[in-house]
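Numbering (the numbering used here), first residue to last: 204 to 599.
Heads up, the beta-carbon is just placed ideally off N, CA and C, and yes, glycines get one too.
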Ligand SMILES: [Fe+2]
Ligand SMILES: [Fe+2]
């Protein structure tokens, strides 16, 4: 999955360093809602202090969907079997990371690794910052499976439940698991990144979780995942394009094959939301407006490497500058989804539903305008060191 638009399209909100009590807080948007624990407060060694997540999110809303609506999702179980489970690929037909990596059991392994490293030498460090950020985002997969299992009416109640929703969630997770594996192994072999720092960041991130603001509602949850799958399709597609431009066709293939999976997953989640629009247009348009008002926070927004309190915003800035994932992409995704779900054509909505429809249908141009103004005001920022690439300085 991908990046935090808050940092990208409202740069003025990406300030850090305000304090309440002894706790340093994050961006102004979430300053009342999240806490950063500096490494000194995370000592768990000799003092036997309890572990605390490096990022904490407060003010979380739970179970906002009326309980009777859970029934709707139970009633869609057979529909999901016919329409959604068919979008999963049988394991035997799936690619595996090993298909795109030097085969350690082959004679030519060492030569293949040498070739991989020679190719990656031609790629600039700033590209690796973005690729590492994307890889770390994929590697926090336990968090995303947890997130799906927070959703009322569709969660996997046992860990091996046979409802269509639970079967989907497990198989989706299993497909996604290949993404982090492939990128991780590729980056490891490239020798271009500080793997220990990267691995620490993954551990910190999984320990912190995420705050998708989906409130246990599958309406909000599937709108969120529709947006995210498209965002990752866009960003992996762009890292593929850039790898090709830098002459690394194998890496381009790696990013491209992952992007193709994201596209298939986008098809599934957008199909679920399309069905929700069909059976409950009012509830679904409210959900879409609600998610867009809150802004879609990106899955790795609580990222931390033990050093840089602005890591996620800095990574997002580099991704924006390289054109891997930008504020324009955020607006484009919204516009794409509004058109995909034919939101403008919805009829018979309540008064509130009509308002939500107007809000959503006019939002993308407004986001673009805000972004243009923010860009015009944006001051040049000094380069920052990224621990992932041995503290080399990268322009934001
Ligand atoms: Fe993925
Ligand atoms: Fe995905």
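Euclidean distance between Cα positions of residue i and residue j
{"i": "residue 386", "j": "residue 325", "result": "18 Å"}
{"i": "residue 557", "j": "residue 294", "result": "44 Å"}
{"i": "residue 401", "j": "residue 240", "result": "19 Å"}
{"i": "residue 408", "j": "residue 551", "result": "43 Å"}
{"i": "residue 589", "j": "residue 512", "result": "11 Å"}
{"i": "residue 342", "j": "residue 554", "result": "43 Å"}
{"i": "residue 592", "j": "residue 570", "result": "33 Å"}
{"i": "residue 625", "j": "residue 322", "result": "Absent from the model: residue 625. The displayed extent of the chain is 204 to 599, so no value can be given."}
{"i": "residue 411", "j": "residue 258", "result": "5 Å"}
{"i": "residue 225", "j": "residue 238", "result": "Residue placement at residue 225 cannot be trusted, given a pLDDT of 30 that sits under 50; what the coordinates show is reported in the next sentence. One C-alpha to the other measures close to 10 Å."}
{"i": "residue 543", "j": "residue 313", "result": "47 Å"}
{"i": "residue 549", "j": "residue 475", "result": "17 Å"}
{"i": "residue 210", "j": "residue 495", "result": "Because the pLDDT of residue 210 is 32, which lies under 50, any placement of that residue in the model is unreliable, and the question is left without a value."}
{"i": "residue 357", "j": "residue 272", "result": "11 Å"}
{"i": "residue 579", "j": "residue 518", "result": "21 Å"}
{"i": "residue 381", "j": "residue 573", "result": "37 Å"}
{"i": "residue 320", "j": "residue 305", "result": "11 Å"}
{"i": "residue 395", "j": "residue 377", "result": "28 Å"}
{"i": "residue 508", "j": "residue 296", "result": "37 Å"}
{"i": "residue 577", "j": "residue 585", "result": "18 Å"}
{"i": "residue 449", "j": "residue 559", "result": "44 Å"}
{"i": "residue 563", "j": "residue 383", "result": "33 Å"}
{"i": "residue 595", "j": "residue 516", "result": "17 Å"}
{"i": "residue 466", "j": "residue 460", "result": "10 Å"}
{"i": "residue 277", "j": "residue 292", "result": "24 Å"}
{"i": "residue 587", "j": "residue 535", "result": "29 Å"}
{"i": "residue 444", "j": "residue 462", "result": "11 Å"}
{"i": "residue 417", "j": "residue 337", "result": "22 Å"}
{"i": "residue 488", "j": "residue 546", "result": "8 Å"}
{"i": "residue 499", "j": "residue 365", "result": "30 Å"}
{"i": "residue 486", "j": "residue 422", "result": "8 Å"}
{"i": "residue 583", "j": "residue 522", "result": "16 Å"}
{"i": "residue 263", "j": "residue 483", "result": "25 Å"}
Residue range of the unbroken alpha helix (DSSP H) whose run includes residue i
{"i": "residue 538", "result": "530 to 543"}
{"i": "residue 305", "result": "Taken as a continuous stretch (DSSP letters only), residue 305 belongs to no alpha helix (DSSP H), as it is neither H nor E."}
{"i": "residue 482", "result": "452 to 482"}
{"i": "residue 515", "result": "514 to 525"}
{"i": "residue 318", "result": "312 to 323"}
Where residue i sits in the DSSP three-state scheme
{"i": "residue 259", "result": "strand"}
{"i": "residue 340", "result": "helix"}
{"i": "residue 568", "result": "helix"}
{"i": "residue 580", "result": "helix"}
{"i": "residue 346", "result": "helix"}
{"i": "residue 417", "result": "coil"}
{"i": "residue 357", "result": "coil"}
{"i": "residue 331", "result": "helix"}
{"i": "residue 588", "result": "strand"}
{"i": "residue 409", "result": "helix"}
{"i": "residue 238", "result": "strand"}
{"i": "residue 443", "result": "helix"}
{"i": "residue 276", "result": "helix"}
{"i": "residue 293", "result": "coil"}
{"i": "residue 298", "result": "coil"}
{"i": "residue 503", "result": "coil"}
{"i": "residue 363", "result": "coil"}
{"i": "residue 351", "result": "helix"}
{"i": "residue 396", "result": "coil"}
{"i": "residue 495", "result": "helix"}
{"i": "residue 508", "result": "coil"}
{"i": "residue 435", "result": "helix"}
{"i": "residue 428", "result": "helix"}
{"i": "residue 286", "result": "helix"}
{"i": "residue 552", "result": "coil"}
{"i": "residue 326", "result": "coil"}
{"i": "residue 449", "result": "coil"}
{"i": "residue 252", "result": "coil"}
{"i": "residue 489", "result": "helix"}
{"i": "residue 376", "result": "helix"}
{"i": "residue 265", "result": "coil"}
{"i": "residue 233", "result": "Residue placement at residue 233 cannot be trusted, given a pLDDT of 37 that sits under 50; what the coordinates show is reported in the next sentence. Residue 233 falls in the helix class under three-state DSSP."}
Limits of the unbroken beta strand (DSSP E) element including residue i
{"i": "residue 595", "result": "595 to 597"}
### Message
Under 8 Å: do the segment 324 to 340 and the segment 375 to 392 share three or more Cβ pairs, one atom per stretch?
### Response
Enough Cβ pairs lie closer than 8 Å, so yes.
### Query
Counting pairs of Cβ atoms below 8 Å between the segment 284 to 299 and the segment 358 to 370, do you hit three or more?
Taking a contact to require three or more Cβ pairs closer than 8 Å, the segment 284 to 299 and the segment 358 to 370 qualify as touching.
### Query
Touch check for the segment 431 to 448 and the segment 469 to 484: three-plus C-beta pairs under 8 Å?
Taking 8 Å as the limit for Cβ pairs, the verdict is that the segment 469 to 484 does touch the segment 431 to 448.
### Message
I'd like to know if the segment 447 to 462 and the segment 500 to 509 are in contact, where contact means that at least 3 CB-CB pairs between them fall below 8 Å.
### Response
No, the segment 447 to 462 is not in contact with the segment 500 to 509.
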